[in-house]
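Working notes for the structure below.
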Amino acid sequence: MTHTNTKARTWLDNMGLQHPLVIAGPCSAETEEQLLTIAHGLKKTKTTILRAGLWKPRTRPGNFEGVGALGLPWLKRAKEETGLLTTTEVAHPHHVELALQHDVDILWIGARTTVSPFIVQDLADALQGTDKIVLVKNPVNPDLALWMGAIERFEKSGISQLGAIHRGFSSYEKHKYRNTPEWQIAIDFQSRCADVPLIVDPSHMGGRRDLIFDLSQTALDLNYDGLMIESHHQPDLAWSDAAQQVTPGALHEIITALRIRKPQGDAQEFQIQLDALRTQIDLSDRQIIETLGRRMKIASQIGQLKQDNNVAILQSDRWYAILEQMIHEGTQLGLSEEFVQKLFKAIHQESINQQKSIGLQK
């Protein structure tokens, strides 16, 4: 279902900010001095909203789990001294109550919370009747319906000022990123919830500070509305997620280097839309190459198994059955039979080459 809640964007449009919106701050508030130092550093950048985690349940117990409510007065003081708006994560109705008491401007819902409709509903009920801005991170697992469902629960509780944060998705397999982007899910979210501002969290997505720029640029090329980037005045000494945080100075360099595209008339709008579609093509091409790479590794494993058992490389019956099936599925998706044949013959030939190379290595 496509959303048509035009009020969802009101809070962002009313800010009258330069694109993109920048939310920044430490993964965790550690001390009052630390938070104030970072806030004043961020004031010199294009940051509008100061973020800081107060309640930090970790994947495994024993790590720093946040200062809790102790940090709420620190956020309030940082806001008073710098003029930055404030935001923190809430995962329990009691967190909501405390955040409201301390005038936190924006609340965000974490990925581990979004995955549970029960908890999301409790938070939506706790916020009913307020005018708070609520940002919803994608769930840990790649489930578009779950993400949209969380947005809808807040809408039904009367929360009209909403936003979504794309922080990537957990995967059992090891990847370049801490949380794989799965850009297509976010693209689908945009198409179905065009009224909801979309913000990228490249810090959690990449898990490394050297990946933040490229992930941010890709998001902006896909017409995202903002960035949430973790920033610490001494990143390597941070009490949580040290590897993915940058100094306020480094954040300023990242934001300054980003290519920001602004609509200026029909011609410019055409170029923006064209660039966004080309970025989607680039992402799809990378996924194709990565998928083919994984496929060929499996083909090599099959080649080794055949070599060990003295079995011929070519299994004609299986090959023709696969080709027939792929032609059928491809044509169902609007691909020509000729294209599917050429594509899978090329893939099959490379698989044979991979399996032949096993014997040459002996």
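When you line the sequence shown up against the working numbering, it's residues 467 to 828, in that order.
Virtual Cβ for every residue (Gly too), placed ideally from N, Cα, C.
Cβ-Cβ distance between residue i and residue j below 8 Å
i: Pro539; j: His568; result: yes
i: Leu516; j: Gly532; result: no
i: His718; j: Ile504; result: no
i: Phe824; j: Met694; result: A small fix is needed here, since residue 824 is Ile in this sequence, not Phe. No, Cβ-Cβ distance for Ile824 and Met694 is not below 8 Å.
i: Met671; j: Arg725; result: no
i: Thr745; j: Asp687; result: yes
i: Ser706; j: Phe530; result: yes
i: Lys822; j: Ile779; result: yes
i: Lys509; j: Leu550; result: yes
i: Gly629; j: Lys603; result: no
i: Gly673; j: Ala716; result: no
Which of helix, strand or coil DSSP assigns to residue i
i: Pro729; result: Summary for Pro729: the model assigns pLDDT 48, below 50, so the residue's position carries little reliability; its value from the coordinates is reported in the next sentence. DSSP places Pro729 in coil when its eight states are reduced to three.
i: Ser823; result: helix
i: His699; result: coil
i: Lys772; result: helix
i: Ser494; result: strand
i: Phe635; result: strand
i: Thr580; result: helix
i: Gly519; result: strand
i: Ile747; result: helix
i: Thr797; result: helix
i: Gly482; result: coil
i: Met467; result: With a pLDDT of 45 at Met467, under the threshold of 50, the modelled position of that residue is not reliable, and the figure given next carries that caveat. Reduced to three states, the DSSP call for Met467 is coil.
i: Thr503; result: helix
i: Arg674; result: coil
i: Gln791; result: helix
i: Trp540; result: helix
i: Leu686; result: helix
i: Ser782; result: helix
i: Ile617; result: helix
i: Lys808; result: helix
Identified DSSP bridge partners for residue i
i: Met694; result: Ile489
i: Gly595; result: Answer is none; Gly595 lacks a bridge partner.
i: Trp574; result: Glu555 and Leu601
i: Val712; result: Ser697
i: Thr646; result: Phe635
i: Val666; result: His632 and Leu693
Nearest-angstrom beta carbon gap, residue j and residue i [assumed within contact, 8 Å]
i: Pro486; j: Gln711; result: Contact flag wrong, Cβ pair sits at about 19 Å.
i: Ile665; j: Leu601; result: 7 Å
i: Ser623; j: Asp591; result: 6 Å
i: Asp661; j: Arg475; result: 6 Å
i: Trp574; j: Ile617; result: Not a contact, Cβ separation roughly 13 Å.
i: Gln820; j: Gly769; result: 6 Å
i: Ala565; j: Gly537; result: The Cβ separation is near 11 Å, so there is no contact.
i: Thr552; j: Leu541; result: 5 Å
i: Arg619; j: Val586; result: 5 Å
Contact test: residue i Cβ vs the ligand COA heavy atom, cutoff 7 Å
i: Glu790; result: Among the ligands in the structure shown, none appear at all, so the ligand COA cannot be discussed.
Would you say the segment 576–596 touches the segment 547–565, given that touching needs at least three Cβ pairs under 8 Å? Segments in contact, yes.
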